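A.B. asks: Take a look at this one; I'll ask things after.
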Amino acid sequence: MRGSVARVLPLFAWVAVDMVLWGFLTRYLNAITRAGLDFVPTLLGAVLLWDYFTRVMHGVTTTFLEDVWSRNFLNLFATPLSIGEYVAGLVVSSVLTSTVGLVVMLVLATVVFGLSFLGFGVAIIPFMLVLLTFGLALGIVGSAIVLSLGPASEWFIWPIPAVVAPFAGVFYPVSTLPRWMQFIAQLLPPAPVFEGLRAIVAGQGVAMAPLAWAVALAVVYLVAACLIFGAVYRRAVRVGLIARYSAESLS
Amino acid sequence: MTGASALTHHVLEVNNLRKVYGSDVVAVDLVSFHVGRNEIVGLLGPNGAGKTTTINMVLGVLSPSAGSITIDGIDIARDRRHALERTNFAAVYAALPGNLTVAQNLRVFGLLYNVNDLNARIEQLLDRFDLVPLRDRKCGVLSSGEATRVALAKAFLNRPTLLLLDEPTASLDPAAADDVRTRIRRYADEANVGILWTSHNMYEVEDVCHRVLFLSHGRILLEGDPKRLPIEHGHKTLEDLFIAVAREPLTLGAK
């Protein structure tokens, strides 16, 4: 990665652009709405957390897709590397790259737009853990989709965060949603995180039961994602997908 | 059987190997063969004969429908990690990541194969395959000959007891191919390694292989010394025999 602008820049460039865009939007909203209403913690805080979740998910899938793009499956899976070690590598890579993005977002949001991240209190720790765990789970499932359906299916996985966002209530309370969307929101670990975020800003305490549910759900999804990836890998070895992707890429 | 220390067994033993795709497409059909230490065995046959399918099963990236594969005494189905620690490969369709330099690729794969004293090993291979001037060049911009030498350096990284070479000279001009063959032979002699080599160049096969196996429609039709086999079957050259196997496999009979 050292010396490669194409790899270093995406770690923080897009999230930095997001912070600038949404930072100025919150300033504008603060200026045109009634006094005392501060959009920085609700809107900019929500964008920051959602971008972190997205970076975590894309951190896993991008690392996996690097092996797809470089036609490296055959070389990689013919080594003694176990599938568990490979997935662990995806996770470690994602945690490191998303942390870089998080730090850049925090610096920009705090220094330029006055977001007080510590003002969210200790609840921010489970918030981040839920988003990290669920992001990893979605990233691993996304990688399994590409391994199962082939390199062209990468376009299915890039929009996953955008599809999840309306259900997760990132910018509005889940109660805003129609009932069927609320039902889906209950199955999404990020939903209680953003409900909790808004509760803290409103001066209310974080409801612990939904947050505990979110933590448990995220862990279950992560375990399920690892099992799915393992099953897809075993099928790929059985039907010859790993060898075929290298040959197909060549032709 | 611990395998690694035993010197009596073959480095590769394949028994009744079979691969069926779906319910009825038989790619490899009850194939059995072995590769001994210090032996170069040619796996020959027309396109679609089952050579690459067999190699993929030996590499653990394709699971057999039936049969067993033992590498240096270790059953790959039971102990994949230790079996693959003793194996490596180079294939024309498995280029190393082009966005990494030669040295970076060797480092990454050296770590994956858990190579001891990796820095020294990389220097040794860079020197051995004349890659020192290319050390910091990205693999994606190398010529075919240079890329093949890097792939071979990677293939020798972990000092494998079994080396699989799937058409290693396929994209090279005759001079570069001769250079690569010389390097492989020289290094194989020193490294006490068994090699399974596929090629469509019969002159090359006759030159490097101690023994050849002819595959057709997933089955081994013929096996023997590449210099004597053509005469034994009424052909002048190995290439003539190859053409006969490709066109009229039934006249030669399945093994």
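Residue numbers (numbering that gives the first Met the number 0), protein chains in the order written: chain D, 0 to 250; chain P, 0 to 254. For each residue, glycine too, the CB sits at the ideal point set by N, CA and C. The structure presented is a predicted model; accordingly, all values stated were derived computationally and were not measured.
If contacts are defined as beta-carbon pairs under 8 Å, then residue 129 (chain P) and residue 102 (chain P) qualify, I think. What distance do you get, rounded to the angstrom?
C.D. replies: Along the second sequence, read from residue 1 onward, the residue named residue 129 (chain P) stands at position 130. Along the second sequence, read from residue 1 onward, the residue named residue 102 (chain P) stands at position 103. Actually they do not touch by this definition, with Cβ atoms about 14 Å apart.
A.B. asks: For residue 81 (chain D), go through chain P and note every residue whose CB falls closer than 7 Å to its CB, in chain order.
C.D. replies: If you number the first sequence from 1, residue 81 (chain D) lands on position 82. Those are 80, listed as they occur along chain P.
A.B. asks: For the putative contact between residue 166 (chain D) and residue 187 (chain D), defined by C-beta atoms under 8 Å, what is the C-beta separation to the nearest angstrom?
C.D. replies: What you label residue 166 (chain D) is simply residue 167 of the first sequence in a count that begins at 1. What you label residue 187 (chain D) is simply residue 188 of the first sequence in a count that begins at 1. Sure, about 6 Å apart at Cβ, within 8 Å.
A.B. asks: For residue 9 (chain D), which of helix, strand or coil comes out of DSSP?
C.D. replies: One-based indexing of the first sequence puts residue 9 (chain D) at position 10. Residue 9 (chain D) falls in the helix class under three-state DSSP.
A.B. asks: I want to verify the contact list: residues of chain D whose CB lies under 7 Å from the CB of residue 60 (chain P), in sequence order.
C.D. replies: Taking the second sequence and counting its residues from 1, one reaches residue 60 (chain P) at position 61. 73, 76, 77, 236, 241 and 242, listed in chain order.
A.B. asks: Among P:82, P:239, P:217 and P:51, whose alpha-carbon lies nearest the alpha-carbon of residue 90 (chain P)?
C.D. replies: The residue given as residue 90 (chain P) occupies position 91 in the second sequence. Nearest option by C-alpha distance: P:51.
A.B. asks: Rounded to the nearest angstrom, what separates residue 3 (chain P) and residue 139 (chain P) at their Cα positions?
C.D. replies: As a working note, residue 3 (chain P) is residue 4 in the second sequence. As a working note, residue 139 (chain P) is residue 140 in the second sequence. Because the pLDDT at residue 3 (chain P) is just 45, under 50, the model does not fix this residue reliably, and the point stays unresolved.
A.B. asks: Just the chain D side, please: which residues come within less than 8 Å of residue 97 (chain P) by C-beta, in chain order?
C.D. replies: The residue you call residue 97 (chain P) lines up with position 98 of the second sequence. Simply 69.
A.B. asks: Where do the ends of the alpha helix (DSSP H) carrying residue 222 (chain P) lie?
C.D. replies: Locating residue 222 (chain P) in the second sequence gives position 223, counting from the first residue. Here residue 222 (chain P) belongs to no alpha helix (DSSP H); instead the beta strand (DSSP E) covers 218 to 223.
A.B. asks: Could you run through the stretch 185 to 207 of chain P and flag, in chain order, every residue whose CB is less than 7 Å away from some CB of chain D?
C.D. replies: The stretch 185 to 207 of chain P vs chain D, Cβ under 7 Å: nothing.
A.B. asks: Report the option in D:197, D:163 and D:207 whose CA atom is closest to the CA atom of residue 53 (chain D).
C.D. replies: One-based indexing of the first sequence puts residue 53 (chain D) at position 54. With distances taken between Cα atoms, residue 53 (chain D) lies closest to D:163.
A.B. asks: What's the C-alpha gap between residue 203 (chain D) and residue 36 (chain D)?
C.D. replies: In the first sequence, counting from the first residue as 1, residue 203 (chain D) sits at position 204. In the first sequence, counting from the first residue as 1, residue 36 (chain D) sits at position 37. If you take the alpha carbons of residue 203 (chain D) and residue 36 (chain D), they lie about 16 Å apart.
A.B. asks: Exposed or buried, which one is residue 124 (chain D) when buried takes at least 16 other CB atoms within 10 Å?
C.D. replies: Position 125 of the first sequence, counted from the first residue, corresponds to residue 124 (chain D). Exposed is the call here.
A.B. asks: Between the stretch 233 to 248 of chain P and the stretch 27 to 45 of chain P, are three or more C-beta pairs nearer than 8 Å?
C.D. replies: In short, these stretches touch, since the Cβ pair count reaches three.
A.B. asks: Below 8 Å on the Cβ atoms is my guess for residue 145 (chain P) versus residue 176 (chain P); work out the distance and round it to an integer in Å.
C.D. replies: The count along the second sequence starts at 1 and reaches residue 145 (chain P) at position 146. The count along the second sequence starts at 1 and reaches residue 176 (chain P) at position 177. Not really, about 13 Å apart at Cβ, beyond 8 Å.
A.B. asks: Within its chain, find whatever has a CB closer than 6 Å to the CB of residue 143 (chain D); leave out the 5 residues flanking it on each side and keep chain order.
C.D. replies: Taking the first residue of the first sequence as 1, we reach residue 143 (chain D) at position 144. Excluding residues within five positions, the ones whose Cβ falls inside 6 Å are 227, 228 and 231.
A.B. asks: Quick one: residues in its chain with C-beta nearer than 6 Å to the C-beta of residue 19 (chain P), no 5 flanking neighbours on either side, listed in chain order?
C.D. replies: Residue numbering aside, residue 19 (chain P) sits at position 20 when the second sequence is read from its first letter. For residue 19 (chain P), where only same-chain residues beyond five positions count, the Cβ hits under 6 Å are 25 and 64.
A.B. asks: By the 10 Å Cβ neighbour count, where 16 or more other Cβ atoms means buried, how is residue 259 (chain P) classified, buried or exposed?
C.D. replies: Given that chain P is displayed from residue 0 to residue 254, the structure contains no residue 259 (chain P) and the question cannot be resolved.
A.B. asks: What whole-angstrom Cβ distance do residue 93 (chain D) and residue 132 (chain D) have, given they're in contact under 8 Å?
C.D. replies: Taking the first sequence and counting its residues from 1, the one referred to as residue 93 (chain D) is at position 94. Taking the first sequence and counting its residues from 1, the one referred to as residue 132 (chain D) is at position 133. The Cβ separation is near 11 Å, so there is no contact.
A.B. asks: Where does the unbroken alpha helix (DSSP H) through residue 148 (chain P) begin, and where does it stop?
C.D. replies: The residue labelled residue 148 (chain P) in the question sits at position 149 within the second sequence. Residues 143 to 155.
A.B. asks: Return the residue from the list D:50, D:56, D:71 and D:111 that minimises the CA-CA distance to residue 98 (chain P).
C.D. replies: Position 99 of the second sequence holds residue 98 (chain P). Nearest C-alpha to residue 98 (chain P): D:71.
A.B. asks: Under a three-way DSSP split, which group does residue 244 (chain D) fall into?
C.D. replies: Counted from its first residue, the first sequence places residue 244 (chain D) at position 245. Here residue 244 (chain D) sits in helix by DSSP.
A.B. asks: Do the stretch 65 to 72 of chain P and the stretch 221 to 240 of chain P make contact, defined as three or more Cβ pairs closer than 8 Å?
C.D. replies: The answer is no - the stretch 221 to 240 of chain P does not touch the stretch 65 to 72 of chain P, with fewer than three Cβ pairs under 8 Å.
A.B. asks: Just checking residue 199 (chain D) against the ligand PLP - is the residue's beta carbon closer than 7 Å to any of the ligand's heavy atoms?
C.D. replies: The ligand PLP is absent from the structure shown, which contains no ligands of any kind.
A.B. asks: Between residue 94 (chain P) and chain D, is there a C-beta pair that is closer than 8 Å?
C.D. replies: As a first step, residue 94 (chain P) must be located in the second sequence, where it is residue number 95. Taking Cβ atoms only, chain D reaches closer than 8 Å to residue 94 (chain P), which makes this a yes.
A.B. asks: Which residue wins for smallest C-alpha separation from residue 43 (chain D), given the options D:134, D:17 and D:177?
C.D. replies: For this step, residue 43 (chain D) is matched to residue 44 along the first sequence. Measuring from the Cα of residue 43 (chain D), the nearest candidate turns out to be D:17.
A.B. asks: By DSSP's criteria, residue 30 (chain P) is part of a beta bridge. Which residues make up the other side?
C.D. replies: To locate residue 30 (chain P), count along the second sequence from 1; it is residue 31. Looking at the DSSP assignment, residue 30 (chain P) forms a beta bridge with P:16.
A.B. asks: Straight-line CA distance for residue 115 (chain P) to residue 182 (chain P)?
C.D. replies: Position 116 of the second sequence holds residue 115 (chain P). Position 183 of the second sequence holds residue 182 (chain P). Cα to Cα, the separation comes out at about 23 Å.
A.B. asks: Hey, how far is the Cα of residue 138 (chain D) from the Cα of residue 224 (chain D)?
C.D. replies: Counting from one through the first sequence, the residue named residue 138 (chain D) turns up at place 139. Counting from one through the first sequence, the residue named residue 224 (chain D) turns up at place 225. Each residue's alpha carbon lies about 9 Å from the other.
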